[in-house]
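What follows is a set of notes on a single structure, which appears directly below.
Residue numbers (our numbering), protein chains in the order written: chain A, 31 to 295; chain B, 7 to 307.
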């Protein structure tokens, strides 16, 4: 890893990270505050009145415990979709943007292997996601401590977040690989966006009813099994490790290809 | 062993674009001009030297190392100025220079400051908002500040005003005295003429010749336009030139201005003209395109 480049990326991208963390904070605090063991009934009534819409957003078994409440409202959709947008933007900035505007020439005209330069970018992407997930984990745990001390199963909640990071690493792998493979920002961003939108949409449809249940096998988001992880289920861990493995593998593929390909600089 | 060696490289981009079977080398301590019109394949050749692209066939090496596989090793002793300057827009000038210096693992910015003074560069302010000339100066500082023993410069003086172009020529000459090996591309003959020992001439992706600069200078003609007092004088003068020196002369009927291409026989030409009343005289060097036509004949086009 090249520390000079890593620091430069920190300086260029901290604002982006802060913006996304601020948005996630707002939702996180809001949802935790909304939790009320007694109020659960009215929310459940609302969910029963329009079950399909709630189901589409992964908000099916709502309100029994704080963990159920948080994992269905936040980890069903919001904490996947927002970070996914962050990933698309950052993966684009880290590699293909430099190639597209030509400034990659300056990053490569240094006594350093291409592999090392682009690996630095990959590490930065994953590291920033780890920071993001760590931050929201701590934030929710902190909010819970203040508002509902002892209501949240901490160990289970941390397992869910380890799983979430796995899913984000997977999405990062897809977007980063595209960023390494193409010469133009718009191609790479297009592919990243298409994969994310497809994955999210198919998951939404698969949740709506039994008729489309089989569609869950067609989206990678199924591999992030929130309920399984909070229960500490072995199969959920296995699926989670598949996400990590495929994400990292895709990054390595991107790095490998980038190191050997012709660049239009 | 040559410092930079290019062996029969071909990189075909289709539609006749790219470079085809190009070979030449740059010796230690030499300044080699890489001359050719726009789109001739200069930058494509330089990209291969920088290890950004691999040749389809043939090989390129610097200091005996393959330019693609060992680009990182080569970079330790290489300064590079890209033809299309693209910086990291979000930075300001000084920040960028510092960043490049750190990436190049340089210890101090002493040389960079000397260069900034030399080019009267005040590199504060966002790069995005800088003029072409300012950006070019920053590019030059970044290429030279490392004090590398080899320099690859792609159209180094484009965007500079004449004063700064002169400073640049002085810089290249002083680096040459210090024993640097330099390859610089250009589409302007004057710049190459003043700095280089030899020139490699490329056209439509093919290497036309590698010549000593002295030979090129000899072969180079001046285009002289002489305006005489009367049309009759112009007619007489044109006839004389045509008879004596087989020079190429053009004169429109009834016009007082004779246009001629003159190479070695400038003395005779001027003395003949002096017999008549000369009201105006204009001399301009041949453009690169005109030079090619003359030096290599129409056939090489």
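From the three backbone atoms N, C-alpha and C, an ideal C-beta is built for every residue, glycine too.
DSSP state of residue i mapped onto helix, strand, coil
i, result
"residue 13(B)", "strand"
"residue 241(B)", "helix"
"residue 291(B)", "strand"
"residue 231(B)", "strand"
"residue 66(B)", "strand"
"residue 267(B)", "strand"
"residue 282(A)", "helix"
"residue 113(B)", "coil"
"residue 256(B)", "strand"
"residue 255(A)", "coil"
"residue 102(B)", "helix"
"residue 37(A)", "helix"
"residue 20(B)", "strand"
"residue 66(A)", "coil"
"residue 261(A)", "helix"
"residue 60(B)", "coil"
"residue 307(B)", "Its pLDDT being 40, under 50, residue 307(B) is placed unreliably in this model, and the value from its coordinates should be taken loosely. DSSP places residue 307(B) in coil when its eight states are reduced to three."
"residue 31(A)", "coil"
"residue 249(B)", "helix"
"residue 226(B)", "coil"
"residue 141(A)", "coil"
"residue 292(A)", "coil"
"residue 223(A)", "helix"
"residue 199(B)", "helix"
"residue 127(B)", "coil"
"residue 1(B)", "Since the displayed chain B opens at 7 and closes at 307, residue 1(B) lies outside it and no answer follows."
"residue 137(B)", "coil"
"residue 296(B)", "helix"
"residue 262(B)", "coil"
"residue 76(A)", "helix"
"residue 45(B)", "coil"
"residue 120(B)", "helix"
"residue 180(A)", "coil"
"residue 35(B)", "coil"
Segment limits, alpha helix (DSSP H) that includes residue i
i, result
"residue 273(B)", "272 to 280"
"residue 115(A)", "109 to 121"
"residue 297(A)", "The structure shown has nothing for residue 297(A), since chain A only spans 31 to 295."
"residue 310(A)", "For chain A, the structure presents residues 31 to 295; residue 310(A) sits outside this window and is missing."
"residue 99(A)", "96 to 103"
"residue 81(A)", "81 to 86"
"residue 135(A)", "134 to 138"
"residue 53(B)", "48 to 55"
"residue 131(A)", "127 to 131"
Whole-number beta carbon distance between residue j and residue i, since they are thought to touch under 8 Å
i, j, result
"residue 156(B)", "residue 187(B)", "5 Å"
"residue 278(B)", "residue 234(B)", "11 Å between Cβ atoms; not a contact."
"residue 39(A)", "residue 206(A)", "The pair is not a contact, with the Cβ atoms about 13 Å apart (cut-off 8 Å)."
"residue 149(A)", "residue 285(A)", "6 Å"
"residue 192(B)", "residue 39(B)", "6 Å"
"residue 135(A)", "residue 35(A)", "Rounded, the Cβ-Cβ distance is 14 Å, inconsistent with contact."
"residue 194(A)", "residue 254(A)", "7 Å"
"residue 208(A)", "residue 218(A)", "4 Å"
"residue 33(B)", "residue 67(B)", "Residue 33(B) to residue 67(B), Cβ: 14 Å. No contact."
"residue 144(A)", "residue 43(A)", "Not a contact, Cβ separation roughly 21 Å."
"residue 159(B)", "residue 190(B)", "4 Å"
"residue 94(B)", "residue 102(B)", "6 Å"
"residue 55(A)", "residue 138(A)", "Contact flag wrong, Cβ pair sits at about 38 Å."
Beta-ladder partner(s) of residue i, from DSSP
i, result
"residue 85(B)", "157(B)"
"residue 217(B)", "205(B)"
"residue 40(B)", "191(B), 206(B)"
"residue 306(A)", "One cannot answer for residue 306(A) here, as it falls past the ends of chain A, which runs 31 to 295."
"residue 132(B)", "98(B)"
"residue 286(B)", "233(B)"
"residue 72(B)", "67(B)"
"residue 212(B)", "209(B)"
Chain-ordered chain E contacts of residue i [CB-CB under 8 Å]
i, result
"residue 216(A)", "Going by chain labels, chain E is absent from the structure shown, which instead holds the protein chains A and B."
Span of the beta strand (DSSP E), counted from its first residue to its last, around residue i
i, result
"residue 24(B)", "23 to 32"
"residue 92(B)", "Element bounds for residue 92(B): n/a, residue is neither H nor E."
>> For a minimum of 4 consecutive residues, which ranges assigned as the alpha helix (DSSP H) are wholly contained in the region 142 to 196 of chain B?
In response: Fully enclosed alpha helix (DSSP H) runs of 4 or longer: 168 to 183.
> What alpha helix (DSSP H) runs, 4 residues minimum, are completely inside the region 183 to 221 of chain A?
Replying inline: Segments of the alpha helix (DSSP H) lying fully in the region 183 to 221 of chain A: 184 to 211.
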